[in-house]
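Notes follow the structure.
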Amino acid sequence: MSANHLDQCRSCRAPIYWCVTDKGKPMPVDPHPDRVRGNVSIYPDGGTMRAVVVPKAKAAAMRAQNQNLHLAHFTTCPQGRTWKKNR
Ligand SMILES: [Zn+2]
């Protein structure tokens with residue numbers, strides 16, 4: 020995984036990956052997979068990191084197969100409300 024996309028959350032200073040969703044929107048994602056609640060699949064695509072939000076049932080199945088799923092940072096950020104307001 021390239022470090023180029025590694026950044027720091029402006030609100031809580033946590034490390035984040037800047038990914039691009041399938042809708043072409045930038046999305047901050049926690050770099051560490053979440054084994055319990057993870058629902059975002061990320062993968063490198065050319066020079067960008069892609070993020071795909073997986074539906075709940077599929078996410079549970081993928082986690083059961085030990086596939087790495089991450090969380091969008093705005094769901095884990097202590098300042099999550101600020102994210103929602105601004106994005
Ligand atoms: Zn944060």
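Using this note's numbering, read the sequence shown as starting at 20 and increasing by one per residue. Here a beta-carbon is modelled for each residue, glycine too, at the ideal position from N, C-alpha and C.
Query                                                                                                                              : Result
Is Met-20 helix, strand or coil by DSSP?                                                                                           : Any answer about Met-20 is weak, because its pLDDT of 46 lies below 50 and its placement is not dependable; what the coordinates show is given next. Coil, per DSSP.
If you follow the beta strand (DSSP E) that Arg-69 is in, where does it begin and where does it stop?                              : 67-72
Measuring only from the beta carbon, is Cys-38 closer than 7 angstroms to any heavy atom that is part of ligand 1?                 : no
Could you check whether Gly-57 and Ser-89 sit closer than 8 angstroms to each other, using their CB atoms as the reference points? : According to the sequence displayed, residue 89 carries His and not Ser. In contact: His-89 and Gly-57 (Cβ atoms closer than 8 angstroms).
Could you work out which residue in Gln-86, His-51 and Tyr-62 is closest to Thr-40 when comparing CA atoms only?                   : Tyr-62
Reducing DSSP to helix, strand and coil, say where His-89 ends up.                                                                 : strand
Less than 8 angstroms between the CB atoms is what I'm expecting for Pro-34 and Ala-91, so what's the real figure, rounded?        : Actually they do not touch by this definition, with Cβ atoms about 14 angstroms apart.
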